[in-house]
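Notes follow the structure.
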Amino acid sequence: MTEHWGALYGVVLAGGTGTRLWPLSRAGHPKFLHPLTGTDRSLLQATVDRLDLLAPSERIFVVTGVAHAAAVSRQLSTVPDENVLVEPSPRDSCAAIALAAAVIARRDPEAMMGSFASDHLIADKAQFTEVIQQAIAGARQGLLMTLGITPTRPETGYGYLECGSAIGDGPVMAVEEFKEKPSYDVAESYVKSGNYLWNAGMFVWRVDVFLSELSRQQPQLAAGISRIAQAWDSPAREEVLGEVWPTLPRISVDYAVMEGAATVGRVGTVPGDFGWNDVGDFHTLGEVLASDQAGNVVVGHNDDSKPGVLLHETEGLVVVPTTGRLVAAMGVRDLVIVDTPDAVLVCPRDRAQEVKQLVDQLKDSGELSYI
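Those letters in the sequence shown? Residues 1 to 371, per the UniProt record's numbering, in order.
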């Protein structure tokens, strides 16, 4: 039965290994399964929790990989198993989002869909909910809506949205162009102009509008996804998925659909200011979690029966103890220290973005058991 026009389905993308959070985040247990929220809820669980005012659990879908499907279902006990869509291999965000859109469209052709990453932290749930509702209003008019984040600093690690004029009399603005990650000077000019928002990779749209825009710009991908969706609720699902999925282009939804849609005036945005953070690396994690008076952050809850962490005359450390053995530090500052059963990482906080290079080095040397 089709629900009233505009019923929102929440889609959570649980992919990627979070290589800048190595060695905590691994291919087999990626960052979204870890409790990095300051509570005992994982990033994935926190993402689904904050959608509860927008969509009931039967309208929450998760797209994840084969390796993580069981853990995702285990962590999300309220989400129906059939709403966990398992992709056979990573094909980037466009294929994952398109699969969810097509499966939802078969159940409810008039559905609205919100797409969210599973590894973002959001401080103000009420404000987040309000911004999504504003985005839904834009999506009802047939716009592909992207959530823009009001920039708080000239950040070079994010993409930007160039905003145009207001659409209608609400907060919805046209997106003129998607901008790549800029240099510091360019980022500074963006923030000063007041015309740019961070691109948070969160989207709201009508599934029919998204699928028709996908067909216009990515006909091969759209045709493949359509074949898979038609077989989804039939015995042929695995066979069709196995045949078609590997042929789909590996491309992000920004490149595949949103950039082209923006140039023809089909993308809108609403600015959000709800304490958004994408927890990309350990330095960022240290900024968003509670610290002691000297600015030291210990990630994760320690079992009181275990030694935990011993710090003496330290400042600005981010310590991630996971093994139960004592992690002690003295007389150092602005370091990241991560202790896992088979790997220990120590690096300066201001180089936390570069941890990915260590993972690349391990790959190159064939040390795959550490990845």
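Glycine included, C-beta positions come from ideal geometry on N, C-alpha and C.
Asked, Found
"C-beta contact flag for T323 and P341 at 7 Å", "yes"
"Beta carbon of L144 nearer than 7 Å to that of R20", "no"
"Beta strand (DSSP E) segment containing F203, residue limits", "Y196 to R206"
"Boundaries of the alpha helix (DSSP H) in which T284 is found, first to last residue", "F282 to V288"
"Close-in-space but distant-in-sequence residues of the same chain around M251 (CB under 6 Å, 5 per side omitted)", "This sequence places Ile at residue 251; Met is not what is there. These residues qualify, in order along the chain: D92 and C94."
"Assigned secondary structure, F274 (DSSP; H/G/I helix, E/B strand, else coil)", "coil"
"Stretch pair the segment 120–136 + the segment 214–226: three plus CB contacts closer than 8 Å", "no"
"Beta-bridge pairing of F116 - partner residues as DSSP gives them", "V12"
"DSSP state of T269 mapped onto helix, strand, coil", "strand"
"I122 and M113 closer than 7 Å at C-beta", "no"
"Contact under 7 Å by Cβ, L85 with L99", "yes"
"Extent of the continuous beta strand (DSSP E) to which P348 belongs", "V344 to P348"
"T37 vs S57 beta-carbon contact at 7 Å", "no"
"Entirely enclosed beta strand (DSSP E) segments - the segment 43–95, minimum 3 residues", "60–65 and 84–87"
"Cβ pair count under 8 Å reaching 3, the segment 216–226 against the segment 234–241", "no"
"Status (buried if at least 16 other CB within 10 Å, exposed otherwise) for D281", "buried"
"Proximity winner among I167, R153 and A174, relative to residue 446 (alpha-carbon distances)", "Residue 446 is absent from the model: the chain starts at 1 and stops at 371."
"Cα-Cα separation, A294 to T314", "7 Å"
"DSSP-derived helix/strand/coil call for K179", "strand"
"Host beta strand (DSSP E) of S165 (start-end)", "Y160 to A166"
"Endpoints, the beta strand (DSSP E) within which G148 is located", "L144 to I149"
"Through-space distance from R325 to V319, alpha-carbon basis", "13 Å"
"Secondary structure of P246, DSSP reduced to three states", "helix"
"The segment 154–162 contacting the segment 174–194, beta-carbon criterion three pairs below 8 Å", "yes"
"Three-state secondary structure (DSSP) of V186", "helix"
"L24 - DSSP class collapsed to helix/strand/coil", "coil"
"Secondary structure of D40, DSSP reduced to three states", "coil"
"Own chain partners of T64 with C-beta closer than 6 Å, once the 5 adjacent residues on each side are dropped", "A14 and V72"
"Reduced DSSP category for E130 - H, G, I as helix; E, B as strand; rest coil", "helix"
"T2, buried or exposed, once every other Cβ within 10 Å from all chains shown has been counted against 16", "Because T2 carries a pLDDT of 39, less than 50, the predicted location of this residue cannot be relied on, and the following value inherits that uncertainty. Exposed, by the Cβ-count rule."
"Cβ contact (3+ pairs, closer than 8 Å) linking the segment 44–55 and the segment 361–368", "no"
"Alpha-carbon to alpha-carbon, G16 and D108", "29 Å"
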